[in-house]
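Residue numbers (my numbering): 37 to 440.
We put the CB at the ideal spot given by N, CA and C, even for glycine.
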Ligand code: AMP
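Encoded structure:
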């Protein structure tokens, strides 16, 4: 079954076309991205498997035009990978926020659309873009089933003691203020792959997954189910990130707002877009650049690196205690997949529990799944490249197959 996976941002559309034979047997036919929708010069980058990639620069006024461009690229006689739109049997969309409405992927209908709309308040940058993407796809492929997969769904198994804030209860009842988490699709995927690789029975395991990228979150997973995660009501909570501050004392907000005469929107912007690596380090939100700066003697870049490791260790340590131990620690996403020093230094903090890294395996781990702990390690440690699109494609395939 050919499944088109769509990840819509406010001005971009990322896509992958996968030919799914089964959950683990699939072919990536093409992937790409449409960027700068609504800006004077938009761009489509299309990468068909086994063919030359193509880049087109043109004005892309809205998401509908963007989706049409994606479909045209897929059927293009030269760069395409299918001969007609009819070959696409289902479309799966990534949705950032499903709140407590959704604990798994679902087929899109008007009730589902209403609920995604209700969640816009919690994800004002993402959910409206997802809605545009679904509507655009419905317009260009009206007969094709559309499925939605939520970043929050995997975390719906948390117990109230993990997801509730100790605020007056009425704010939970009135406004659904609670912890939802994010990156759920990634945490779910890498925990399943990691359990297989480490020879663990997922249904009887304790795993901690560290998704460390531009956005970062850490999740405690007992018997395949999320028991705690570091992101909260929004992706701001938890550890330091590229542009987000992570956990701070909430009293800092009114204090700074009064001192600097800031509006709520300005404060939100500072915490989400001007903090983290860029705020603390002052020069970049990118880890590659931060590492280069620290190597050149930039002390604040070094502080960023030290804080990243500190925050991970603190969260992982807490989750080990929460689960009464851990069998496997997994590193994934841009920063953790590409920086052996981060995996080594974080793991070293748990030497007192018997964790032992195989330095050669850790240094060699790149692009491919790998166990990076030594055979004598009390706790296994792995690097697993994440693949959120595959989870979306699998769920979409299963839901579309059930319609037949
Ligand atoms: P993600 O959000 O998962 O795409 O991760 C983005 C982060 O990963 C950025 O901070 C990048 O600097 C970092 N990253 C990606 N590739 C590399 C690399 N080859 N070496 C070091 N850091 C990298």
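Check, Outcome
"Can you tell which of 196, 305 and 344 has its C-alpha closest to the C-alpha of residue 160?", "305"
"DSSP on residue 274, reduced to helix/strand/coil?", "coil"
"Compare the C-alpha of residue 83 against each of 200, 94 and 65 and name the closest.", "65"
"I want to know whether the region 99 to 108 touches the region 173 to 183 - three or more CB-CB distances under 8 Å.", "yes"
"Give the secondary structure of residue 252 by DSSP, where H, G and I count as helix, E and B as strand, and everything else as coil.", "strand"
"Using a Cβ-Cβ cut-off of 7 Å (strictly less than) and excluding sequence neighbours within five positions of residue 394, which residues of its own chain qualify?", "408, 409 and 410"
"Less than 7 Å between C-beta atoms, sequence neighbours within five positions excluded: which residues of the same chain meet that for residue 207?", "213"
"CA-CA distance, residue 436 and residue 403?", "31 Å"
"Suppose the cutoff is 6 Å on Cβ atoms and the five residues either side in sequence are ignored; what does the same chain contact list for residue 430 look like?", "59"
"Taking 8 Å as the cut-off, is the CB of residue 374 close to at least one heavy atom of the ligand AMP?", "yes"
"Give every residue of the same chain whose Cβ lies closer than 7 Å to the Cβ of residue 381, excluding the five residues on either side of it in the sequence, and list them in chain order.", "345"
"Is any heavy atom in the ligand AMP found nearer than 8 Å to the beta carbon of residue 60?", "no"
"Can the beta-carbon of residue 241 be found less than 9 Å from the beta-carbon of residue 351?", "no"
"How long is the line joining the alpha carbons of residue 244 and residue 362, rounded to whole angstroms?", "7 Å"
"To the nearest angstrom, report how far apart residue 273 and residue 288 are at their CA atoms.", "14 Å"
"Express the C-alpha separation of residue 252 and residue 203 in angstroms, rounding to a whole number.", "25 Å"
"How big is the Cα-Cα spacing for residue 333 and residue 339?", "11 Å"
"Leaving out the 5 sequence neighbours to the left and right, which residues in its chain are closer than 7 Å to residue 359 when beta-carbon positions are compared?", "242, 256, 258 and 263"
"Classify residue 206 as helix, strand or coil using the three-state DSSP reduction.", "helix"
"Check whether the region 86 to 102 and the region 127 to 140 touch, using three or more Cβ-Cβ pairs below 8 Å as the test.", "no"
"Between which residues of its own chain and residue 229 is the CB-CB distance below 7 Å, once the five residues before and five after are set aside?", "405 and 420"
"So within the region 100 to 184, which uninterrupted alpha helix (DSSP H) runs reach at least 4 residues, ignoring any that extend past its ends?", "146 to 154 and 163 to 176"
"Could you check whether residue 336 and residue 268 sit closer than 9 Å to each other, using their CB atoms as the reference points?", "no"
"From the DSSP output, read off the bridge partner residues of residue 352.", "In the DSSP output, where bridge partners are listed per residue, residue 352 has none listed."
"Measuring only from the beta carbon, is residue 331 closer than 8 Å to any heavy atom that is part of the ligand PLP?", "The ligand content of the structure shown is limited to the ligand AMP, which means the ligand PLP is not among them."
"I believe residue 166 touches residue 44 by the beta-carbon criterion, under 8 Å. Please report the beta-carbon distance rounded to the nearest angstrom.", "5 Å"
"Which one of 235, 278 and 294 has the shortest CA to CA distance from residue 445?", "Given that the chain is displayed from residue 37 to residue 440, the structure contains no residue 445 and the question cannot be resolved."
"Relative to the C-alpha of residue 412, which residue among 389, 366 and 422 is closest?", "389"
"According to DSSP, is residue 335 part of a helix, a strand, or is it coil?", "helix"
"Can you tell me whether residue 250 sits near the ligand AMP, meaning its C-beta is under 8 Å from at least one heavy atom of the ligand?", "yes"
"So, at 7 Å on beta carbons, what are the nonlocal neighbours of residue 120 in its own chain, with the 5 sequence-adjacent residues on each side left out?", "111"
"State buried or exposed for residue 205, treating a residue as buried only when at least 16 other CB atoms are found within 10 Å of its CB.", "exposed"
"For the beta strand (DSSP E) that residue 82 lies in, which residues bound it at each end?", "78 to 84"
"Can residue 39 and residue 55 be called in contact, C-beta distance under 9 Å?", "yes"
"Taking the straight line between their C-alpha atoms, what separation do you get for residue 163 and residue 414?", "42 Å"
"Give me the residue from 261, 313 and 282 with the minimum Cα distance to residue 221.", "261"
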